[in-house]
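Taking UniProt numbering, I'd label the letters of the sequence shown as residues 1 to 224.
Note that the Cβ used here is the ideal one computed from N, Cα and C, for glycine as well.
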Amino acid sequence: MRERQQEECAVSKTRRKTTTLVQMALLAALIAVLSAVPWLGYINLGFINATTVHIPVIIGGILLGPKAGGVLGGFFGLTSLLKNTFQPNLSSFVFSPFYGVGETHGNLWSLVICLVPRILIGVAAGLCYRAIARGGRRKTAAMAVAAVAGSLCNTLLVMGGIYLFFGPAYAAAQGVDYGALFGWIAALVGTVGVPEALVAAVLSTAVCRPLLALQGRGSPQAGR
């Protein structure tokens with residue numbers, strides 16, 4: 001009897017792992033599509049790209065947990081690196097060490113800015129969802145808060161990294177006085193970052209609610 005239970009448990013774990021891998025592959029494919037289609041995943045505002053590519057990362061963090069969310073965030077970071085290398089805008093040197101404007105070129109800090117905040121999108125979303133939805137309550141609110149947290153984590157870390165590591169060069173590229181750069185970035189966070197977070201909250205909640213209900217995975221322990 002015990003051997004049968006152990007066998008069933010092993011089969012169940014294998015099935016869950018397979019399901020998780022399939023879901024991650026689908027979300028990664030969605031990230032790739034959003035990245036490849038002009039004005040869909042990256043909305044070029046000239047001075048920076050507004051994004052919707054982070055939304056599948058947030059969904060992955062909520063559905064599958066922070067580890068899977070981090071992996072998907074890393075994939076998002078890779079698409080951002082490629083985008084800013086081969087389809088650059090004025091600020092692409094802060095995301096790609098392979099691109100430069102005049103005498104200003106990206107460096108290893110470009111990789112940090114490009115990858116680390118994107119990885120933390122999924123991690124933050126997954127951890128926030130688990131913490132708030134613990135016990136199976138407030139799941140809808142947990143999804144919305146997790147989406148906002150993941151999105152703002154990306155925005156604040158990216159813009160903070162730009163200010164710290166590329167401040168003078170970024171200000172020059174944007175035609176902004178360096179002394180006014182902090183306020184300019186704060187305005188950018190308010191006009192681009194906050195709307196991104198609100199859109200992420202609405203779309204992530206709309207997608208995750210039926211999926212969690214369908215899978216019976218509404219508890220914060222679901223995506224471990």
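- Cβ neighbours of P88 within its own chain (closer than 8 Å, five residues either side excluded): S96, Y99.
- As computed with DSSP, N49 is found in a beta bridge with N44.
- With 16 or more neighbouring CB atoms inside 10 Å of its own CB, A124 falls in the buried class.
- By the criterion of at least three beta-carbon pairs nearer than 8 Å, the stretch 149–159 is in contact with the stretch 107–123.
- Per DSSP, V123 has no beta-bridge partner at all.
- In this structure, G61 sits near G126, with a CB-CB distance shorter than 8 Å.
- Annotated three-state conformation of V176 is coil, per DSSP.
- In the pairwise beta carbon analysis, the stretch 51–66 is classified as touching the stretch 19–30: at least three pairs are separated by under 8 Å.
- The three-state reading of DSSP puts G160 in helix, counting H, G and I together.
- Only residues of its own chain outside the window of five on either side were considered, and among them Y170, L181, F182, I185 have a CB closer than 8 Å to the CB of Y163, listed in chain order.
- Taking 3 residues as the shortest admissible run, the stretch 14–98 contains the following complete beta strand (DSSP E) segments, listed from N- to C-terminal end: 42–44, 49–51.
- When C-alpha distances from A197 are compared across G167, T52, W39, A28, the shortest belongs to T52.
- Rounded to the nearest whole angstrom, the CA to CA distance from L111 to L81 is 8 Å.
- G150 sits in a helix when the DSSP states are folded into three classes.
- The beta carbons of G150 and I121 sit closer together than 8 Å.
- By the CB criterion at 8 Å, A147 and I58 fall inside the cutoff.
- The alpha-carbon separation between I31 and F75 amounts to approximately 8 Å.
- Linking R134 to C128 through their CA atoms gives a straight-line distance of about 10 Å.
- Here A200 is near H54, since their CB atoms are less than 8 Å apart.
- The beta-carbon separation of L108 and V101, rounded to 18 Å, does not stay under the 8 Å limit for a contact.
- Per DSSP, the unbroken alpha helix (DSSP H) holding V194 starts and ends at 194–215.
- The distance from the Cβ of A28 to that of L72 is about 6 Å, consistent with a contact at the 8 Å cut-off.
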